[in-house]
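Q:
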Amino acid sequence: MLRSLFRKWRESRNASLQLDAILAAADPDAPLAERNQWLIELGYWMRRDGSLGSDAEVGDAGTRSYPAHVRLRYLLQVLGRHPDWSDSFARTVRSIVRDNDPTSLFCDTGVASHPGIWSEMADRLQARFLPPPPNRSDMAGLFALLFVDENDAEWVEALDDDLVERLAHALLEDAEAAEEAGDGLRRLRRAREATLTASIQVLVSQVKATGLSQAIRTRLRGRVEDTPFFRLDSAIAALCEEGIAHGDDAFAHRLNYFRALLDGCHAAAHQVYEDLEENGVSVEVVFQIERMKARLARIDLLLNAWVDPSHHGRHAHLIAELIRSTQARRSVGHLMSSSFAQLARKVVERSAESGEHYITRDRKEYRELMRAAAGGGLVTAATVYLKFLIYGLHLDKFVEGFLASLNYAGSFLAIHFAHFTLATKQPAMTGPALAHRLDGAGRPEGREIFVDDTIAMIRSNAAAIFGNLSVVFPVALAVEWLAGKAFGTHLITPAKAIATIESFSILGPTPLYAIFTGVLLWLSSLIAGWADNWFALHRVHDVMAYNRRLRYVLGQRGAMRLADFWKRNLSGITANVSLGFLLGLGPEILSFFGPHMEVRHVTLSTGSVGAAIGVLGFDALRMPALWLAVAGIALMGVLNVAVSFALAFNMALRSREMRRVDRMEVVKAVQKRIIRHPLSLLIPPRNAPGSAPAESPSL
1 MLRSLFRKWR
11 ESRNASLQLD
21 AILAAADPDA
31 PLAERNQWLI
41 ELGYWMRRDG
51 SLGSDAEVGD
61 AGTRSYPAHV
71 RLRYLLQVLG
81 RHPDWSDSFA
91 RTVRSIVRDN
101 DPTSLFCDTG
111 VASHPGIWSE
121 MADRLQARFL
131 PPPPNRSDMA
141 GLFALLFVDE
151 NDAEWVEALD
161 DDLVERLAHA
171 LLEDAEAAEE
181 AGDGLRRLRR
191 AREATLTASI
201 QVLVSQVKAT
211 GLSQAIRTRL
221 RGRVEDTPFF
231 RLDSAIAALC
241 EEGIAHGDDA
251 FAHRLNYFRA
261 LLDGCHAAAH
271 QVYEDLEENG
281 VSVEVVFQIE
291 RMKARLARID
301 LLLNAWVDPS
311 HHGRHAHLIA
321 ELIRSTQARR
331 SVGHLMSSSF
341 AQLARKVVER
351 SAESGEHYIT
361 RDRKEYRELM
371 RAAAGGGLVT
381 AATVYLKFLI
391 YGLHLDKFVE
401 GFLASLNYAG
411 SFLAIHFAHF
421 TLATKQPAMT
431 GPALAHRLDG
441 AGRPEGREIF
451 VDDTIAMIRS
461 NAAAIFGNLS
471 VVFPVALAVE
481 WLAGKAFGTH
491 LITPAKAIAT
501 IESFSILGPT
511 PLYAIFTGVL
521 LWLSSLIAGW
531 ADNWFALHRV
541 HDVMAYNRRL
551 RYVLGQRGAM
561 RLADFWKRNL
571 SGITANVSLG
581 FLLGLGPEIL
591 SFFGPHMEVR
601 HVTLSTGSVG
611 AAIGVLGFDA
621 LRMPALWLAV
631 AGIALMGVLN
641 VAVSFALAFN
651 MALRSREMRR
661 VDRMEVVKAV
671 QKRIIRHPLS
681 LLIPPRNAPG
691 SAPAESPSL
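Okay, so the sequence shown: first residue is 1 according to the working numbering, each after it adds one.
1. With K387 and A404 assumed to form a contact (beta carbons below 8 Å), what rounded beta-carbon distance in angstroms separates them?
2. Quickly, what does DSSP pair D138 with across the bridge? List them, please.
3. Hey, could you find the ends of the alpha helix (DSSP H) C240 is sitting in?
4. Determine the direct distance from the alpha carbon of G110 to that of V543, and round the result to whole angstroms.
5. I need the straight-line Cα distance from E480 to T500, nearest angstrom please.
6. Report yes if the C-beta distance between A316 and L159 is below 8 Å; otherwise report no.
7. Where R71 and R47 are concerned, what is the direct C-alpha to C-alpha distance, given to the nearest angstrom?
8. Look at T510 and N640 and say whether their C-beta atoms are less than 8 Å apart.
9. Among residues of its own chain, excluding the 5 on either side of R217, which ones have a beta-carbon nearer than 8 Å to its beta-carbon?
10. My assumption, with CB atoms under 8 Å, is that A563 sits in contact with A545. Please give the rounded CB distance.
11. Looking at the secondary structure, which residues open and close the alpha helix (DSSP H) in which S700 lies?
12. Express the C-alpha separation of H69 and D60 in angstroms, rounding to a whole number.
13. Please name the residue in L389, D249, K567, I299 whose C-alpha comes closest to that of R539.
14. Do H416 and V572 count as a contact pair if the criterion is CB distance below 8 Å?
15. Assuming A456 and I359 form a contact by the criterion Cβ under 8 Å, report the distance between their Cβ atoms to the nearest whole angstrom.
16. Can you confirm whether the segment 449–465 touches the segment 405–412 when touching is taken to mean that 3 or more C-beta pairs between the two stretches lie within less than 8 Å?
17. So is A33 buried or exposed if we call it buried at 16+ other beta carbons inside 10 Å?
18. So, under 8 Å CB-CB, L583 and V602 are touching, yes? Tell me the CB distance rounded to an integer number of Å.
19. Counting along the chain, where does the alpha helix (DSSP H) carrying L79 start and finish?
20. Tell me which residue opens and which closes the alpha helix (DSSP H) that P494 is part of.
21. When the Cα of V207 is compared with those of L302, R81, L276, I289, which residue comes out closest?
22. Indicate whether the contact test is met: 3 or more Cβ pairs, each with one atom in the segment 248–255 and one in the segment 263–282, closer than 8 Å.
23. Should F258 and I244 be called a contact, given that it needs their Cβ atoms to be closer than 8 Å?
24. In angstroms with no decimal places, state the Cα-to-Cα distance between A631 and S505.
25. Pair every Cβ in the segment 23–41 with every Cβ in the segment 87–96, then say whether three or more of these pairs are closer than 8 Å.
26. Note down, in chain order, each residue of its chain lying with its Cβ closer than 6 Å to the Cβ of T380, except the 5 sequence neighbours on either side.
27. In this structure, how does DSSP classify R443 when only helix, strand and coil are distinguished?
28. Grouping DSSP H, G and I as helix and E and B as strand, with all else coil, what is P595?
29. For P31, name the three-state secondary structure that DSSP assigns.
30. Go through its chain and collect everything with a Cβ distance to A198's Cβ below 8 Å, but skip five positions before and after it.
31. When the Cα of F535 is compared with those of F565, V519, G558, which residue comes out closest?
32. Would you check if the distance between the CB atom of A462 and the CB atom of L681 is smaller than 8 Å?
33. Output the boundary residues of the alpha helix (DSSP H) element that contains F258.
34. If you count every other CB in all the chains shown that lies within 10 Å of the CB of D619, and 16 or more means buried, which is it?
35. Exposed or buried, L125, counting other C-beta atoms within 10 Å across all chains shown (16 or more means buried)?
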């Protein structure tokens, strides 16, 4: 019984009645809900696959294929042979059009109906599971129930003029006979024009309200009365004034003026985006602008259909766009991508600015990076021993994670303010910086720049990792060895040392944990970019610089220096603190709700192995577990870097909506450079590519 019901439920997705049963059920006097359901059933018949006799074409494999509009042509043939069906069909369709309000279809379809992004998201999620009922006099809801296939818009837009004429004739022929001298047709045309003008006026009022709202108005230059939004309603009122024919010069002048105002609204939206790029992105403001742009595009569509009603192609295009908008209205992903794309781009650009500092292009920068990486390794050695101390206390898991977070965050902040570097933080920053170079990778000179930066990025990451590991390993080993020699005891027990080495084995879960750590490294860069955007968006620098109480305590210059400090360091502080807490508490929280996870950071793990060898002595070199751990750490470094870089690079590409370049050409260019100059991966050039060599001093 249940299997039968499930089978019927699955078949009902594309099932429909036969055409003769549908046409026989047409009743213009039926309740609106029944008439709407009748039209929905007709729509399912139109898109259903099945044999229509001589119109079907047999393919090579014996399967039947059908021209795009074969069912519509067949319907018109049947109506032509059965006048009684044709009459009830035409009157039923016209009654449906008459009794369903089209204003919501023209004004609201495809446009966010809620003022905020989160309420709109909740509404779209609800709409995916609760479709509109067919008993409301709402044309927008009827469209949502009628056009459910992703190809419906293309099907409508592909209608040729002959089919449109035949369909219009089938719908209006009896109306012309019923009214004297075609008065019924003129009434329908007047009603259509009135609906279009009313919808345009409604959309204009909504665009004006958005454009003059505080969030948009304060980001525009000039006085309020000089903005195009302020004059929109008077312009559309003059355009729709009675007594002005479409062919008059006055109408053409007013139409051109109204179109110029619409262009001004688009330019104002672009100006708001420029302000957001400069002063920080607000998702709510982007949502309002995107909703306004959708309404401006809808005004253009309706205006074209109103000004030139004889052009059938424009009507088909209008209906197709309404279908696309109806289907996009169901998409939560479309809403998220359109609203969050600019914030993602801003976050990525901040990461790219930071990433430029991590790419070394000459030997001087390379030496500075090695020095900074060595300093980072020295600080990390202290972090390793503090980590052993914290976990040696055997406290509650959450308390251990919190203390470990403080340890990591403090260590990373010390590295930041000492101008040292931690290798695994670089890829999340260098990925967006490298993605920016793809803008010009379609040209030979741009491709050459991209190859230069790719080689420099690989060389810089390798140098940073080598600088970290070349210091953290010997320092951690030396501290443990000296503690044993000087005090006769070790900071960690031999059993803990063996367990530490075994935990890094390449045969265990180390690769999975390293991937997880790479994701955390990337997340910290996102948090840093978001914090920097928030600081700029809310003008926190100015708030602090001009705060009355701060000026009273620190003085005018002191308040300004404090504001400048946070402007320079907020992103770095946020990145390091967030990374510390992600590494310390992240695994504990995730393990509580889901699978067990641990952190595998290449620099910290190398320091831990160094400390373990310091306890076990050189006898550890004969342990197979040690060499499995060495292999695990090597893979760990690759995964830490590769995962965080790939995530950052991919997000940068998506946020910038870059055009596709010939990826194979770019890959071949990088491979060719590596084959021709393999040492460039290790040794930087004396001068940066494209820079002039330094002149020798004159004698």
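Backbone N, C-alpha and C fix where the C-beta goes; we use that ideal spot for every residue, glycine too.
A: According to the structure shown:
1. 6 Å
2. D101
3. C240 -> no alpha helix (DSSP H), and no H or E assigned at all.
4. 39 Å
5. 14 Å
6. yes
7. 8 Å
8. no
9. G211, V224, T227
10. 4 Å
11. No answer is possible for residue 700: the residues shown for the chain start at 1 and end at 699.
12. Confidence in D60 is poor, its pLDDT being 40 and thus under 50, which makes the residue's placement unreliable; the coordinate value appears in the next sentence. Rounded to whole angstroms, D60 to H69 spans 21 Å at the Cα level.
13. K567
14. A small fix is needed here, since residue 572 is Gly in this sequence, not Val. A contact, by the Cβ cut-off of 8 Å.
15. 5 Å
16. no
17. exposed
18. That pair is no contact at about 13 Å.
19. 70–81
20. 494–503
21. I289
22. no
23. no
24. 7 Å
25. yes
26. V472, T603, G607
27. coil
28. coil
29. coil
30. T103
31. F565
32. yes
33. 249–279
34. exposed
35. exposed
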